[in-house]
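K.L.:
Residue numbers (the UniProt record's numbering), protein chains in the order written: chain Y, 1 to 164; chain Z, 1 to 362. Even for Gly, the Cβ is constructed at its ideal location relative to N, Cα and C. Quick caveat, the model's predicted, so the values are computed rather than measured. Below is one structure. I have some questions about it.
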Amino acid sequence: MKSLHVKLNDVLGALKLGCHFDAQGDSLWCEIDDKALLLSLAEILQTMNARVCMITAYQKVEAHELVYHFDLDGIMINVKLHITDKSVPSITPLFKSADWTERELSEIYGIAILNHPNPKRLFLDEAIKEDVLKEYYSLSSAMNGKVSQALWNRVKAEEGVLHG
Amino acid sequence: MDNTKVILGPFDVALEEPIYFKIEPNRDGKTIKTVDMINGFVHRGIESIVLQRNFLQNLIITEKVCALCSNNHPFTYCMAVEKIAGLSLPERALYLRVVADEIKRIASHLFNLGMLSHLIHNKALMTQFLETREDFQDLKELIWGNRMDLSANTIGGVKFDLDAKLIASIKTTLDKNRSKIESFIALFETDNTLISRLSGVGVLSYEDALRLGVVGPVARASGVNNDVRKRSPYAAYDKLSFDVVLQKDGDVLSRAKVRLYEILESMKLLHQALDALPKGDIVLPTRTLIPEGEAISRTEAPRGELVYYLKTNGSQKPERMKWRVPTYMNWEALKVMMPNNSIDDVALIFNSIDPCISCTER
């Protein structure tokens with residue numbers, strides 16, 4: 001484990017990335033703004049036989065944060081990417097293990113995944129618009145009393161659209 | 001033969017969970033050329049729901065993601081919260097978490113093996129597997145008062161304790177069933193009918209397993225060792241000794257054997273954890289407010305690696321919470337496992353990844 005820490009520090013130093021290990025030493029956190037840098041890092045991790053465990057997205061005002069979670073010999077490398085234009089290059093051509101998670105973040109947050117080999121919807125029907133996580137209505141409000149267009153309009157007006 | 005597509009699903013493929021297979025047969029009309037899967041029939045938007053609930057309410061919601069891994073979801077979620085809050089748990093709680101998890105793993109593996117027997121129409125074997133599993137279900141009911149959702153974990157520890165009587169009950173159940181598991185293993189190692197029916201079916205090579213990032217028994221049956229309990233130990237696993245079970249062939253038989261041998265390893269872990277159970281508290285005495293921060297945690301669920309990411313902002317609700325379940329990684333591998341196998345074996349191959357649609361479509 002220790003030699004892997006040293007090796008990782010070398011790689012990240014060469015790319016001039018500011019990263020830190022968490023207290024337990026089993027996950028590494030990095031922050032980047034540059035999409036090209038993400039691809040360079042992904043290429044290096046691919047040669048080191050890393051795999052993509054998951055990609056998380058969340059919205060921050062008008063921007064999005066994506067966190068790429070790579071596993072490398074038991075260490076979780078979390079690369080945080082800040083984007084403002086709702087698009088990222090796909091890493092699926094490098095990592096087949098990123099296929100589903102990229103498609104899912106696209107359908108939930110409406111982020112365009114550029115160059116994805118199979119950009120089909122994963123879970124949600126094509127009829128449902130993208131960026132669906134923004135919309136939340138509690139079931140009890142939606143089903144309260146008589147279900148009519150008037151009630152539905154009131155629910156939408158009162159509850160608005162809560163940001164998820 | 002004409003080019004009729006074979007449609008299986010969306011209901012009643014193997015586990016009465018909805019998934020839809022679009023199969024294009026080869027020219028012989030009996031084997032699979034390509035397969036496509038359509039999912040999303042029971043997507044519930046739980047990742048959005050958890051953002052509207054506080055940290056304690058989410059303990060219950062994560063437990064409801066799926067029934068068979070229902071211990072691992074709150075377990076992994078608690079680990080993420082505890083990391084952010086900087087909590088270190090009482091030793092006894094860490095051991096008790098292992099106990100709950102390993103009993104769940106045994107019951108889960110036995111259920112999958114029971115389903116396998118059902119799919120190859122071996123009703124006698126299915127009965128034996130499910131009867132063995134019943135002993136572990138009874139054990140769960142005895143300890144946690146419930147046969148599926150244990151509600152064993154809470155933020156800062158566990159909600160149950162074991163006294164001498166309960167420890168004796170667990171050991172009795174383990175001792176009673178050990179020889180049964182050994183005879184199942186002997187059956188899967190030597191019975192020609194079983195071996196010829198299951199070997200060479202749904203093969204996933206070592207290289208494909210690595211490339212697709214599969215996890216759990218599916219990865220280990222293809223020789224890839226990514227057992228989280230060993231690779232990135234949590235709870236009390238670094239203090240206990242056990243072996244990671246690996247097979248080489250990557251077929252349905254290997255996946256069944258991995259699960260069978262893993263039951264013996266779980267039994268080994270349970271004996272050790274019960275013998276070494278430290279004295280002391282089972283949960284931290286005070287509630288903590290969860291500060292701003294982020295964390296990632298993972299555990300080895302019965303089906304493989306489960307990952308949780310949690311981001312908090314100092315309020316009592318998560319800012320973002322995401323999790324990835326084992327089936328999510330194993331699913332795409334079906335497109336490699338199925339081609340050139342018999343169309344009759346779709347349900348058998350599907351079952352061999354121990355699929356959980358409820359988990360995947362959270």
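1. Hey, does Z/His73 have any beta-carbon neighbour from chain Y nearer than 7 Å?
2. Just to confirm, is the Cβ distance from Z/Gly304 to Z/Asp251 under 7 Å?
3. What are the residues of the stretch 231 to 250 of chain Z that lie near chain Y, defined by any Cβ-Cβ distance shorter than 7 Å?
4. Pop quiz: Z/Ile343 and Z/Pro25 are said to be a contact at Cβ under 8 Å. What is the actual Cβ separation, rounded to whole angstroms?
5. List the residues of chain Y that Z/Ile296 touches, going by C-beta distances under 8 Å, in chain order.
6. Using beta-carbon positions only, say whether Z/Thr360 and Z/Tyr328 come within less than 7 Å of one another.
7. Where does Z/Asp227 fall in DSSP's three states?
8. Terminal residues of the continuous alpha helix (DSSP H) containing Z/Tyr237?
9. Kindly indicate the opening and closing residues of the alpha helix (DSSP H) around Z/Cys78.
10. Which residues of chain Y have a Cβ atom closer than 7 Å to the Cβ of Z/Val307, listed in chain order?
11. Do the stretch 162 to 177 of chain Z and the stretch 129 to 138 of chain Z touch if we need at least three Cβ pairs shorter than 8 Å?
12. What's the gap between the Cα of Y/Asp26 and the Cα of Y/Asp73?
13. Verify whether the separation of the beta carbon atoms of Z/Leu246 and Z/Gly223 is less than 7 Å.
14. Could you say which of Z/Leu162, Z/Leu68, Z/Pro318, Z/Asp249 lies nearest to Z/Ile46 if we only look at CA atoms?
15. Which class does Z/Thr34 belong to by DSSP, given the choice of helix, strand or coil?
16. Decide if the stretch 292 to 299 of chain Z is in contact with the stretch 77 to 95 of chain Z; the criterion is three or more beta carbon pairs, one per stretch, under 8 Å apart.
17. Count the CB pairs spanning the stretch 47 to 61 of chain Z and the stretch 20 to 38 of chain Z that are closer than 8 Å, and state whether there are at least three.
18. Can you give, in chain order, each stretch of the alpha helix (DSSP H) that sits fully within the UniProt domain "NADH-quinone oxidoreductase subunit D" (126 to 284) of chain Z and has at least 4 residues?
19. When you compare the CB positions of residue 370 of chain Z and Z/Asn71, do they come within less than 7 Å of one another, or not?
20. Tell me Z/Phe21's beta-bridge partners as DSSP assigns them.
21. Rounded to a whole number of angstroms, what is the C-alpha to C-alpha distance between Z/Pro302 and Y/Gln149?
22. Just curious, the alpha helix (DSSP H) that Y/Arg103 is in, first and last residue?
23. Going by Cα to Cα distance, which pick from Y/Ile83, Y/Val61, Y/Ala42, Y/Thr56 is closest to Y/Lys96?
24. For Y/Phe123, would you say it is in contact with chain Z, using Cβ-to-Cβ distances shorter than 7 Å as the test?
25. Step through the CB atoms of chain Z and report whether any lies within less than 7 Å of the CB of Y/Tyr109.
26. Do the CB positions of Z/Ile23 and Z/Val42 come within less than 7 Å of each other?
27. In angstroms, rounded to a whole number, what distance separates the CA positions of Y/Ile44 and Z/Ile170?
28. Between Z/Lys230 and Z/Val244, which are expected to be in contact by the criterion C-beta below 8 Å, what is the C-beta distance as a whole number of angstroms?
29. Nearest chain Z C-beta to Y/Lys96 closer than 7 Å, yes or no?
30. Got a sec, what are the start and stop residues for the beta strand (DSSP E) Z/Ile117 sits in?
31. Where does the unbroken beta strand (DSSP E) through Z/Lys322 begin, and where does it stop?
32. Assign residue 365 of chain Z to one of three DSSP states: helix, strand, or coil.
33. Would you call the stretch 253 to 268 of chain Z and the stretch 91 to 111 of chain Z in contact, with 3 or more CB pairs under 8 Å?
34. Are the stretch 75 to 87 of chain Y and the stretch 194 to 211 of chain Z touching, with three or more C-beta to C-beta distances below 8 Å?
35. Determine the direct distance from the alpha carbon of Z/Leu277 to that of Z/Ala93, and round the result to whole angstroms.
36. Please name the residue in Z/Met148, Z/Leu87, Z/Leu253 whose C-alpha comes closest to that of Z/Ala235.
P.N.:
In this structure, then:
1. no
2. no
3. Arg231, Ser232
4. 6 Å
5. Ser27, His69, Met76, Asn78
6. yes
7. coil
8. Counting along the chain, Z/Tyr237 falls outside any alpha helix (DSSP H), and DSSP gives it neither H nor E.
9. 72 to 85
10. Cys53, Met54, His69
11. yes
12. 10 Å
13. yes
14. Z/Pro318
15. strand
16. yes
17. no
18. 164 to 190, 192 to 198, 206 to 212, 216 to 221, 228 to 231, 252 to 275
19. Absent from the structure is residue 370 of chain Z, since the part of chain Z shown begins at 1 and ends at 362.
20. Z/Leu8, Z/Met37
21. 46 Å
22. 99 to 109
23. Y/Ala42
24. yes
25. no
26. no
27. 48 Å
28. 5 Å
29. yes
30. One point to set straight first is that residue 117 of chain Z is Ser, not Ile, in the sequence displayed. Segment 91 to 119 is the alpha helix (DSSP H) holding Z/Ser117; no beta strand (DSSP E) there.
31. 318 to 324
32. Lying outside 1 to 362, the shown extent of chain Z, residue 365 of chain Z is not represented and no answer is given.
33. yes
34. no
35. 9 Å
36. Z/Leu87
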